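Novice:
Protein chains: 2
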Amino acid sequence: MTRKDEILQVSARLIREKGYVGLSMRDLAKAIGVKAASLYNHIPSKQAILAEIILHLAEDFTSQIQHVAIKSISSLDKLKQIIEHHVDLSLHHPNKLALLNNEWMHLEGQSLADFKTMRNQYEEQLRQIINQGKANNELKALHTELVLFSLLSTLRNLNVWIKKRGSIPAEQLKNELHQVLLNGIS
Amino acid sequence: MTRKDEILQVSARLIREKGYVGLSMRDLAKAIGVKAASLYNHIPSKQAILAEIILHLAEDFTSQIQHVAIKSISSLDKLKQIIEHHVDLSLHHPNKLALLNNEWMHLEGQSLADFKTMRNQYEEQLRQIINQGKANNELKALHTELVLFSLLSTLRNLNVWIKKRGSIPAEQLKNELHQVLLNGIS
DNA sequence: GTCTATAGACAGATAGAC
DNA sequence: GTCTATCTGTCTATAGAC
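What follows is the structure in structure tokens.
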């Protein structure tokens, strides 16, 4: 792992704990074991750390849902693959996902605009999949926005909860989550 | 509305936008129309603003769920009343709820300990209601923690989405949300 | 109850030695 | 690539006049 990767990884953990504004470059440097000035040989600014972490993840989500959307499978199978992708990323990058969810408002300029564009694209793709499912009678005739919101709320919070899941293996987690989200609990 | 109430209300809106650390007392004072030093005639510190907003809401949630838990009604009806309370608070105090969800880690000392205690109590009460529902065959035999997590994820994100709900009246929102969360979407 | 002025700490970032 | 030293600005909070 390069020093730059180390900076990004440690930054994600510390920003998750202290918030973007609450983390100082001195604290970050101390956690890595160098002086603050040395960080600037690897990254141009504090803002660039946040932008790189968030935009990289946002691009991953966007390309995945576009890849799923054009497949010739049922809407329910599309939703299943989207859920699985959220589980996989939540397992492997929980800290970076926390930044995507909670620190994006500290992005500036073009980075903030790009993030908003990708977020809107993601929600629009998911909205279309839900509407297709309703048209095919795969999904109930509920408010699309309510279904979209409920799904995304649970998926975007997976990173908070996934480390406390205890003994549930990843595959079983995906199956039960799929059942809870699509078939309900009662 | 007293000046102190005005400070709390404006603080909630600005902290939601900029984060607790990102909001300066100068910015807060300017939004209210006074100088920063004048704020300290109404509140003892910046930290006290955050603590008062968050702990007040946490006490509201805790007392409500304890009130519901001891009722002689079905587990499904208990869940319905809990969902309705989240909707009501999300409609009336969206900014303060955002702080409860996203800024609690900036609490310090006894305030932070009290918050964590109340949050654990809330989750434990909800866990018991879910387990009762499973024992009564009102709820499916799914992982309790997964059901708890999914429910709370959606309920705690209501404040983000509720202002975009458009034309859905509050009563209809409660009914559809109840259906989505308990009966599923497919 | 609001103001001006300021104390004292800490922020992001840069210059230049090694 | 890391360091020391430092610039320049902002932060919370207080003192004391009005």
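Order-wise, the sequence lines are chains A and B. Here the first sequence is numbered in this note's numbering, starting from 509 and rising by one per residue. Here the second sequence is numbered in this note's numbering, starting from 509 and rising by one per residue. The beta carbon of each residue, even a glycine, is placed where N, CA and C say it ideally should be. Just so it is clear, the structure is predicted and the values come from calculations on it, not from any experiment.
#1: For L584 (chain B), which residues of its own chain have a beta-carbon under 6 angstroms away from its beta-carbon, when the five flanking residues on both sides are left out?
#2: Counting pairs of Cβ atoms below 8 angstroms between the stretch 602-609 of chain A and the stretch 655-669 of chain A, do you hit three or more?
#3: Of all the residues that make up the stretch 596-611 of chain B, which are near chain A by a beta-carbon distance shorter than 8 angstroms?
#4: Out of curiosity, what's the CA-to-CA distance linking Q572 (chain A) and I590 (chain A)?
#5: By DSSP, does M509 (chain A) sit in helix, in strand, or in coil?
#6: Tell me whether G692 (chain A) sits in a helix, a strand or coil according to DSSP, three-state version.
#7: Do H550 (chain B) and K512 (chain B) have their C-beta atoms within less than 7 angstroms of each other?
#8: Any beta carbon of chain A sitting closer than 7 angstroms to that of R518 (chain B)?
#9: Measuring CB to CB, does L690 (chain A) end up less than 7 angstroms from G692 (chain B)?
#10: Taking a Cβ distance cut-off of 7 angstroms, strictly less, list which residues of the stretch 656-670 of chain A are near chain B, in chain order.
#11: Any idea what DSSP makes of G530 (chain B), helix, strand or coil?
#12: Measuring only the C-alpha atoms, how far is L618 (chain A) from E632 (chain A)?
#13: By the criterion of Cβ-Cβ separation under 7 angstroms, what are the contact partners of N691 (chain B) in chain A?
#14: With DSSP run on the structure shown, which of helix, strand or coil describes I676 (chain A)?
#15: Thinking C-alpha only, which one of A:K538, A:L558, A:I578 is nearest L634 (chain A)?
#16: Name the two residues that bound the continuous alpha helix (DSSP H) containing N603 (chain A).
#17: Specify the secondary structure class of A537 (chain B) as computed by DSSP and reduced to three states.
#18: Do you know offhand how far A544 (chain A)'s Cα is from Y528 (chain A)'s?
Specialist: With the given structure in hand:
#1: The sequence position of residue 584 (chain B) within the second sequence is 76, counting from 1. So the list reads E646, once near-sequence residues are dropped.
#2: yes
#3: N610
#4: On the first sequence, residue 572 (chain A) is found 64 positions in, with the first residue counted as 1. On the first sequence, residue 590 (chain A) is found 82 positions in, with the first residue counted as 1. Roughly 8 angstroms separates the two Cα atoms.
#5: Looking up residue 509 (chain A) in the first sequence gives position 1. If DSSP states are grouped into helix, strand and coil, M509 (chain A) belongs with coil.
#6: What you label residue 692 (chain A) is simply residue 184 of the first sequence in a count that begins at 1. Coil.
#7: Against the second sequence, residue 550 (chain B) aligns to sequence position 42. Against the second sequence, residue 512 (chain B) aligns to sequence position 4. Yes, these two residues count as a Cβ contact at 7 angstroms.
#8: Locating residue 518 (chain B) in the second sequence gives position 10, counting from the first residue. The sequence given here has Val at residue 518 (chain B), not Arg. V518 (chain B) does not count as touching chain A.
#9: Residue numbering aside, residue 690 (chain A) sits at position 182 when the first sequence is read from its first letter. Residue numbering aside, residue 692 (chain B) sits at position 184 when the second sequence is read from its first letter. Cβ atoms of L690 (chain A) and G692 (chain B): closer than 7 angstroms.
#10: F657, S658, S661, T662, N665, W669
#11: Taking the first residue of the second sequence as position 1, residue 530 (chain B) is located at position 22. In this structure, G530 (chain B) counts as coil in the three-state DSSP scheme.
#12: For the purposes of this step, residue 618 (chain A) is identified with residue 110 of the first sequence, where counting begins at 1. For the purposes of this step, residue 632 (chain A) is identified with residue 124 of the first sequence, where counting begins at 1. Reading off the sequence shown, one finds Gln at residue 618 (chain A), where the question assumed Leu. Whole-angstrom Cα-Cα distance: 21 angstroms.
#13: Locating residue 691 (chain B) in the second sequence gives position 183, counting from the first residue. Those within 7 angstroms of N691 (chain B) in chain A are G692, S694.
#14: Counting from 1 along the first sequence, the entry for residue 676 (chain A) is found at position 168. I676 (chain A) falls in the coil class under three-state DSSP.
#15: Looking up residue 634 (chain A) in the first sequence gives position 126. Nearest of A:K538, A:L558, A:I578 to L634 (chain A), Cα basis: A:I578.
#16: The count along the first sequence starts at 1 and reaches residue 603 (chain A) at position 95. N603 (chain A) -> alpha helix (DSSP H) spans 602-610.
#17: Your numbering for residue 537 (chain B) matches position 29 in the second sequence. Three-state result, A537 (chain B): helix.
#18: Start at 1 with the first residue of the first sequence, and residue 544 (chain A) comes out as number 36. Start at 1 with the first residue of the first sequence, and residue 528 (chain A) comes out as number 20. Taking the straight line from one Cα to the other gives about 16 angstroms.
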